[in-house]
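Right, one structure below, let's go through it.
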Amino acid sequence: MSHAATMDPVAHVVEPAESPLTPESWGKLGMWIFLAADAMSFGGLLAGYGALRYYSTNWPNPKEHFGINLTAFMTFLLIVSSFTMVKALSASRHGNLGKVKLYLAATAIGGAWFLGMQAYEWTHLIEHGLTLQGNPWGSSLFGTTFYILTGFHGCHVLSGVIYLLITLMMAGKGSWGYGEIEITGLYWHFVDLIWILVFTFVYLI
Amino acid sequence: MAQTSTQSTHESHPEPNYFAVILVLTVLTAIEIGLTYAPLSKLAIGILLVGLALTKAIIVAMFFMHLKFEKATLALIAATPLILCTLLVFALLPDHNPKDHAPSTAPQTTGQPAPTH
């Protein structure tokens with residue numbers, strides 16, 4: 186053992202060059218594992234929401250109290266921002282830095298717009314009496330689960346917008362390239378994917 | 058894996074038609090909203106909505122997150138939360154005794170603010 190250590194003093198810090206699942210980078214595998222864990226957080230919240238709602242005797246009909254057109258537009262906004270995100274990645278693949286910056290900025294604007302609409306929606310609902318522990322239309326857990334689920338997702342969108350702005354800055358400086366933009370994209374598409382589920386379970390069903 | 062150019066690793070998979078992907082996602086969303094007004098039972102609407110939502114989520118993972126072009130083992134990592142959360146739903150539901158909600162014992166939530174002490 187000591188011989189090997191003498192012969193190759195840095196052997197203990199050398200990592201395999203390639204991740205077995207994502208040969209492009211270890212960072213990509215790391216993001217996938219993080220997202221799988223994060224998905225379980227959302228899954229736990231959604232399952233808890235489902236169980237509470239299933240056994241509630243006075244759960245209001247969400248369609249009667251939420252602005253479905255507004256949230257449908259928010260859904261559309263996130264889908265489009267996912268599109269601009271993949272276009273940024275595609276531009277990076279072709280080495281077009283101008284378009285990379287343009288599409289990353291568009292994606293960040295899409296996220297910020299979504300957050301603005303969510304703030305508007307929350308304000309409107311709070312004015313109508315729906316709070317964390319109060320609901321004029323029935324079970325108080327309706328408000329609790331609504332704010333926790335959409336709030337937890339909103340925090341992800343906010344983090345995503347900050348992450349996108351950092352990516353924009355680093356790509357602009359030339360420090361980050363295709364690999365890093367791809368990892369940012371994975372996070373952003375995940376936020377979109379989760380909203381698709383939240384939109385259906387909380388607003389439509 | 059001789060690299061002929063610096064970008065060769067980025068071109069290992071084809072680029073999907075992203076515009077078609079958002080078009081499909083938008084149409085599926087419109088169908089979902091339309092479904093909520095459909096003259097079907099609540100259960101049928103619920104099952105269809107869950108099916109559509111999962112379809113949309115899978116489309117995002119496959120084409121935007123490029124899971125379709127990754128190694129199959131990575132898809133196993135991605136599928137783990139879906140499997141575990143499905144099990145969680147079935148673990149949670151029978152845990153609750155509906156008799157707890159018998160009208161004689163269940164306090165009615167009126168939505169009025171609790172009295173201040």
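Respectively, the protein sequence lines represent chains V and F. Residues in the first sequence are numbered consecutively from 186, following the working numbering. Residues in the second sequence are numbered consecutively from 58, following the working numbering. From the three backbone atoms N, C-alpha and C, an ideal C-beta is built for every residue, glycine too. Every value quoted in this text rests on a predicted model; they were computed, and no experiment measured them.
| Residues of the segment 99-114 of chain F whose Cβ lies closer than 9 Å to any Cβ of chain V, in chain order | Going along the segment 99-114 of chain F in chain order, one finds Lys99, Ile102, Gly103, Leu106, Val107, Leu109, Ala110, Leu111, Lys113 and Ala114 with a Cβ nearer than 9 Å to chain V.
| Beta carbon of methionine 259 of chain V, beta carbon of phenylalanine 299 of chain V: below 8 Å? | yes
| request: Excluding the 5 residues preceding and the 5 following threonine 330 of chain V in the sequence, name in chain order all residues of the same chain whose CB lies nearer than 7 Å to its CB. | output: Excluding positions up to five away in sequence, the list reads Tyr234 and Leu237.
| task | Ignore the nearest five residues each way along the sequence and tell me which others in isoleucine 368 of chain V's own chain have a CB closer than 7 Å to its CB. | result | Gly212, Lys213 and Met216
| Taking only beta-carbon atoms, is leucine 131 of chain F less than 8 Å away from chain V? | yes
| query | Helix, strand or coil: which one does DSSP assign to glycine 362 of chain V? | reply | Correct three-state label for glycine 362 of chain V: coil.
| query | Grouping DSSP H, G and I as helix and E and B as strand, with all else coil, what is tryptophan 322 of chain V? | reply | Looking at tryptophan 322 of chain V - three-state DSSP - the assignment turns out to be coil, as it is neither helix nor strand.
| Assigned secondary structure, alanine 221 of chain V (DSSP; H/G/I helix, E/B strand, else coil) | helix
| query | When DSSP labels each residue in this structure, what does leucine 97 of chain F get in the three-state scheme? | reply | coil
| Contacts that alanine 118 of chain F makes with chain V (C-beta to C-beta distance below 8 Å) | His374 and Leu378
| query | DSSP on tryptophan 244 of chain V, reduced to helix/strand/coil? | reply | The answer is coil: DSSP assigns tryptophan 244 of chain V none of H, G, I, E or B.
| said: Please give me, in chain order, every unbroken run of the alpha helix (DSSP H) with length at least 4 that falls completely inside the segment 277-310 of chain V. | reply: none
| task | Specify, as a first and last residue, the run of the alpha helix (DSSP H) that phenylalanine 76 of chain F falls within. | result | Residues 75-92.
| said: Three Cβ pairs or more, each shorter than 8 Å: is that satisfied between the segment 375-384 of chain V and the segment 109-124 of chain F? | reply: yes
| query | Does serine 360 of chain V come within less than 8 Å of chain F when only Cβ atoms are used? | reply | No - not a single Cβ of chain F is within 8 Å of the one on serine 360 of chain V.
| request: Tell me whether the beta-carbon of alanine 110 of chain F lies closer than 8 Å to the beta-carbon of threonine 335 of chain V. | output: no
| request: Could you tell me whether the Cβ atoms of methionine 270 of chain V and threonine 292 of chain V are closer together than 8 Å? | output: Yes, they are a contact pair.
| said: Our contact map puts tryptophan 322 of chain V next to histidine 250 of chain V with C-beta atoms below 8 Å; I'd like the distance itself, whole angstroms only. | reply: Contact flag correct, Cβ pair sits at about 6 Å.
| request: Throw me the rounded Cβ distance for the valine 285 of chain V and alanine 276 of chain V pair, which I believe falls under 8 Å. | output: Right, the Cβ-Cβ distance comes to about 5 Å (below 8 Å), so this counts as a contact.
| Is it the case that the Cβ atoms of leucine 326 of chain V and serine 241 of chain V are separated by a distance below 8 Å? | yes
| Considering only residues of the same chain and omitting the five flanking positions on each side of glutamine 318 of chain V, which have a CB-CB separation below 6 Å? | Ser325
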